[in-house]
Amino acid sequence: MTAILDINALCLSFGGQKVLDDVSLSVQPGERLALLGHNGAGKSTLFKTVLGFLRPSSGTVAVAGHAPGSNPAREALNYLPEVVSFQRNLSGREVLSYFSGLRGTPKTEVSDLLARVGLLDAADRPVGAYSKGMRQRLGLAQALIGAPRLLLLDEPTSGLDPVSRHEFYEVIADAAARGSAVLLSSHGLEEVQDKTDRIAILARGQLKAEGTLADLAQEAGLPITIRISAKPGAADDLHGEFGGRRINGCRLDLDCGQGTKVDLLARLGRHQDRLRDIEICPPGLTDIYRHFSRMGPTEDQI
Amino acid sequence: MSTRIGTVFGQELRQARRNLWVILATAVLGLFALALALFGAGQGSGLKVDVLTLTAVSLATLSVYLIPLIALLMSYDSISGEVERGSLALTFATPVRRWEVFVGKFLAQTVAVCVAILIAFGTVGCIIGFLAEVSQEGVYAWLRLMLSAGGLGAIFVGTGLMLSALTGRTARAAAAAVGVWLLLVVLYDVALLGAIMAAGEGIFSTHVFPWLVIANPADAFRLYNLAMIDAAPVAGIDGLSQTLPFPPVAALAALGLWLMATIAIGSARTKRIVP
Numbered sequence: 007m008t009a010i011l012d013i014n015a016l017c018l019s020f021g022g023q024k025v026l027d028d029v030s031l032s033v034q035p036g037e038r039l040a041l042l043g044h045n046g047a048g049k050s051t052l053f054k055t056v057l058g059f060l061r062p063s064s065g066t067v068a069v070a071g072h073a074p075g076s077n078p079a080r081e082a083l084n085y086l087p088e089v090v091s092f093q094r095n096l097s098g099r100e101v102l103s104y105f106s107g108l109r110g111t112p113k114t115e116v117s118d119l120l121a122r123v124g125l126l127d128a129a130d131r132p133v134g135a136y137s138k139g140m141r142q143r144l145g146l147a148q149a150l151i152g153a154p155r156l157l158l159l160d161e162p163t164s165g166l167d168p169v170s171r172h173e174f175y176e177v178i179a180d181a182a183a184r185g186s187a188v189l190l191s192s193h194g195l196e197e198v199q200d201k202t203d204r205i206a207i208l209a210r211g212q213l214k215a216e217g218t219l220a221d222l223a224q225e226a227g228l229p230i231t232i233r234i235s236a237k238p239g240a241a242d243d244l245h246g247e248f249g250g251r252r253i254n255g256c257r258l259d260l261d262c263g264q265g266t267k268v269d270l271l272a273r274l275g276r277h278q279d280r281l282r283d284i285e286i287c288p289p290g291l292t293d294i295y296r297h298f299s300r301m302g303p304t305e306d307q308i
Numbered sequence: 011m012s013t014r015i016g017t018v019f020g021q022e023l024r025q026a027r028r029n030l031w032v033i034l035a036t037a038v039l040g041l042f043a044l045a046l047a048l049f050g051a052g053q054g055s056g057l058k059v060d061v062l063t064l065t066a067v068s069l070a071t072l073s074v075y076l077i078p079l080i081a082l083l084m085s086y087d088s089i090s091g092e093v094e095r096g097s098l099a100l101t102f103a104t105p106v107r108r109w110e111v112f113v114g115k116f117l118a119q120t121v122a123v124c125v126a127i128l129i130a131f132g133t134v135g136c137i138i139g140f141l142a143e144v145s146q147e148g149v150y151a152w153l154r155l156m157l158s159a160g161g162l163g164a165i166f167v168g169t170g171l172m173l174s175a176l177t178g179r180t181a182r183a184a185a186a187a188v189g190v191w192l193l194l195v196v197l198y199d200v201a202l203l204g205a206i207m208a209a210g211e212g213i214f215s216t217h218v219f220p221w222l223v224i225a226n227p228a229d230a231f232r233l234y235n236l237a238m239i240d241a242a243p244v245a246g247i248d249g250l251s252q253t254l255p256f257p258p259v260a261a262l263a264a265l266g267l268w269l270m271a272t273i274a275i276g277s278a279r280t281k282r283i284v285p
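Right under this line is the structure:
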C-alpha cells in the first residue's frame, strides 16, 4: 500500500535556526503514528509544514501524493490544532455545519459525529459554555468530518482527564479502523502506549528513533535493575560480591542486560539466607523516552 | 465554490447578527438620520427644496463620517482576530480556497452594513414622507443616498478586511483602521483645502483638484450625492459639486475602482497568511 503521508529529508529553518533537520517518516492508511517530543522539539512546525502553512527549506512532503497545501492535499487531510478555539457564540452543531460546508460533505453527518464524540446533548448550546474537554471533543468531531484519509492531531489530549483521554483514543482507533492514517503528537510515551501502532521521537528538530514500542525498548538497550533488600548486616557482603549501587543500609541496586538477568538471579539465589526481597524493574517508558530525546552531542540536562 | 463561499457567508452573517452589530449600526444610523430630518423639517419651510432633499444632503455629509467608521469597526478584526485565536488555521486546513474566505467575509459584512442602512434610512425616509410634502426629486435623492451609502459601506468593509489581512494582528489592524479613517475622512479634506488655498486659481484647481477629490472614496460618495442635487446648499470642497469637469457618475466609477482594489489586495494578501 502507498503511504498517505510521505515526508522525505525535510528541513526547515527560521532565521538561520534549524527547526526541522532531515526528518523522514511515512504513515500508511489505517496506521496510527505517534510523534513524541518536548515543547519546541518541532512537532507543531512539522504539522504546519504538512498543512502547507510553512514552506520546507529542503526535502519533500507529499499528502496522498500531492504537494502540501494544494487543493487535493487539503481535501485528503483533516487537522486538529494544539489550541483549538471556536467562535464562542456559535453552537457545537453550527461549528460542525460550517466545517462540513467547507468540505462539501452532507450535513446529515453532523449529528452522527456529535454522537461519536458524546456531544449530542450539548449540540445546541453555545461553544462558550463548553468545558475544555468538550471543546477538545468538538475539535475532534470537526477533524472527523468527511472520513479523512489523513488525520493530523496536534497534542489532541493535552489537558484532558484520564477518562476523556481514554475515550479520545477510542474515537481515534475507530477512525483508523475506518481507514484513516493518523499522525498525532504527544508529550509522553505512557500516554500513547498501546494507543498507536508506531512511535517516532523528535528532539531539537531531529528524528531520534522510530518504530514500535518493543523496537524502541530493544534499540535503547537500557539495563534492567534488580533491587535487593538484604537482611540486617548482610548488605555489605552482597555489595562486595555483586557490586552495584548502595541505596541505603540494606538496599542494593544491580544493573543487568536482558541476556544476563537469569544468570544473575541464579547467583543471587545462592545467597538466599541473606536476602529479604528481590524486585525486578524493567526500564520504564519514561526511561526509554528520555534515552532517545536526550541523545546527541548537544545534550541538555532536563 | 459557491457552497464554500455560502458557508463562510452564512457563518459571518450569523456572527454579525449575534454580536448585535446589525442592530447597533441600525440604531446609530437611524437616530442620526431622524435627528437631521427633524432639524431639516424645522427650517425646510424657508427654503425652496423639500425636507427629504434637504435631509438627504445633510445625511450624505454625516454618512461620510459614520458609515466608514461602522464598516471598519465591523471588519478590522475579522481576519487578524481569527489568526490570533487560531480558528483560521482550522478553516485554512479545509479545501476552502483562501480568496473564498475573504470574499465570503466581505459579502456577509457588506450585507450586514447594507441591511442596517436600508432599515435605518428607509424608516426615516418613510417618516419624512409621512410628515411632510415630498417631491419626486427628493425621493430620487434619498434612494441615491441609500444605494451609494451601501457602496461606501462595502468599500470600507473591504478596506477593513484588507487591513486585517495585511497586518495579521488585531492591535495593528485596529491602529491601521483608525489611521485610514482619520486620513480618508478627516485629514484628506483638510490637506486638499490647504492645497487649493495655496494654489489659488489655475490648472490645479480646475484640472487636478476634482480628480484628487474623487480619488478618495469618502469624498467621491459625498460629491456624487451633492452633485446630483441642483438645489443643494453647499460650501467648501463640496462647492466643487456644481462645477465638476466630469459627470457625477464618474464618482461612482471611482468608488467601484476602490472596491475592486481592496478585494483584490485583500484576497492576494490572505493567500500569504501563515495562520
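Chains as they are written, first to last, in our numbering: chain A, 7 to 308; chain B, 11 to 285.
Don't be surprised by glycine CBs; every beta carbon is placed ideally from N, CA and C.
Note that the structure is predicted; figures quoted are calculated from it, not measured.
Kindly indicate if chain B contains any beta-carbon less than 8 Å away from that of residue i.
{"i": "A:Gly-4", "result": "What the structure shows of chain A is the stretch from 7 to 308, and residue 4 of chain A is not part of that stretch, so it cannot be assessed."}
{"i": "A:Glu-81", "result": "yes"}
{"i": "A:Pro-87", "result": "yes"}
{"i": "A:Gln-93", "result": "yes"}
{"i": "A:Gly-107", "result": "yes"}
{"i": "A:Asn-45", "result": "no"}
{"i": "A:Tyr-104", "result": "yes"}
{"i": "A:Val-90", "result": "yes"}
{"i": "A:Gln-148", "result": "yes"}
{"i": "A:Phe-59", "result": "yes"}
{"i": "A:Asn-77", "result": "yes"}
Just the C-alpha distance for residue i and residue j, rounded to the nearest angstrom, thanks.
{"i": "A:Ser-186", "j": "B:Ile-129", "result": "50 Å"}
{"i": "B:Ala-186", "j": "B:Leu-192", "result": "10 Å"}
{"i": "A:Leu-52", "j": "B:Lys-115", "result": "29 Å"}
{"i": "A:Glu-196", "j": "B:Leu-76", "result": "59 Å"}
{"i": "B:Ala-287", "j": "B:Ala-208", "result": "Given a span of 11 to 285 for chain B in the structure shown, any question on residue 287 of chain B remains unanswerable."}
{"i": "B:Gly-204", "j": "B:Ser-215", "result": "12 Å"}
{"i": "A:Leu-86", "j": "A:Ser-50", "result": "11 Å"}
{"i": "A:Ile-234", "j": "A:Lys-201", "result": "34 Å"}
{"i": "B:Thr-17", "j": "A:Phe-105", "result": "8 Å"}
{"i": "A:His-193", "j": "B:Thr-101", "result": "26 Å"}
{"i": "A:Leu-83", "j": "B:Gly-161", "result": "39 Å"}
{"i": "A:Gln-264", "j": "A:Ile-230", "result": "7 Å"}
{"i": "A:Ala-47", "j": "A:Ser-191", "result": "11 Å"}
{"i": "B:Ser-68", "j": "B:Leu-48", "result": "12 Å"}
{"i": "A:Leu-120", "j": "B:Arg-279", "result": "35 Å"}
{"i": "B:Tyr-234", "j": "B:Arg-14", "result": "36 Å"}
{"i": "B:Val-167", "j": "B:Ala-264", "result": "16 Å"}
{"i": "B:Met-270", "j": "B:Ser-88", "result": "19 Å"}
{"i": "A:Thr-8", "j": "A:Gln-34", "result": "7 Å"}
{"i": "B:Leu-250", "j": "B:Leu-262", "result": "16 Å"}
{"i": "A:Ala-241", "j": "A:Ile-286", "result": "18 Å"}
Assuming the contact rule is C-beta atoms closer than 8 Å, residue i and residue j should be a hit. Round their C-beta distance to whole Å, please.
{"i": "B:Thr-65", "j": "B:Gly-52", "result": "The Cβ separation is near 11 Å, so there is no contact."}
{"i": "B:Val-32", "j": "B:Val-125", "result": "6 Å"}
Compare the C-beta of residue i with all C-beta atoms of chain A and state if any pair is closer than 8 Å.
{"i": "B:Gly-71", "result": "Correcting the residue identity first, residue 71 of chain B is Thr in this sequence and not Gly. Cβ-Cβ to chain A under 8 Å: no for B:Thr-71."}
{"i": "B:Arg-95", "result": "yes"}
{"i": "B:Arg-28", "result": "yes"}
{"i": "B:Ala-99", "result": "yes"}
{"i": "B:Thr-104", "result": "yes"}
{"i": "B:Gln-25", "result": "yes"}
{"i": "B:Leu-176", "result": "no"}
{"i": "B:Arg-14", "result": "yes"}
{"i": "B:Thr-17", "result": "yes"}
{"i": "B:Gln-21", "result": "yes"}
{"i": "B:Pro-258", "result": "no"}
{"i": "B:Pro-285", "result": "yes"}
Nearest to residue i by CA position, among the options, is which residue?
{"i": "B:Arg-154", "options": "B:Leu-202, B:Gly-132 and B:Ser-174", "result": "B:Gly-132"}
{"i": "A:Cys-17", "options": "A:Ser-30, A:Thr-8 and A:Val-123", "result": "A:Ser-30"}
{"i": "B:Ile-239", "options": "B:Asp-60, B:Leu-48 and B:Gly-40", "result": "B:Asp-60"}
{"i": "B:Gly-163", "options": "B:Glu-92, B:Arg-27 and B:Ala-122", "result": "B:Ala-122"}
{"i": "A:Leu-42", "options": "A:Leu-219, A:His-245, A:Leu-271 and A:Leu-260", "result": "A:Leu-219"}
{"i": "A:Pro-289", "options": "A:Glu-225, A:Arg-280 and A:His-277", "result": "A:Glu-225"}
{"i": "B:Ala-103", "options": "A:Ala-149, A:Thr-163 and A:Ala-183", "result": "A:Ala-149"}
Where does residue i land, buried or exposed, given buried means 16+ other C-beta within 10 angstroms?
{"i": "B:Ile-273", "result": "buried"}
{"i": "A:Ala-215", "result": "buried"}
{"i": "A:Thr-304", "result": "For A:Thr-304, the pLDDT reaches just 46, beneath the cut-off of 50, and the residue's location in the model is therefore unreliable, leaving the point undetermined."}
{"i": "B:Pro-227", "result": "buried"}
{"i": "B:Trp-152", "result": "buried"}
{"i": "A:Val-69", "result": "buried"}
{"i": "B:Phe-256", "result": "exposed"}
{"i": "A:Pro-74", "result": "buried"}
{"i": "A:Ser-103", "result": "buried"}
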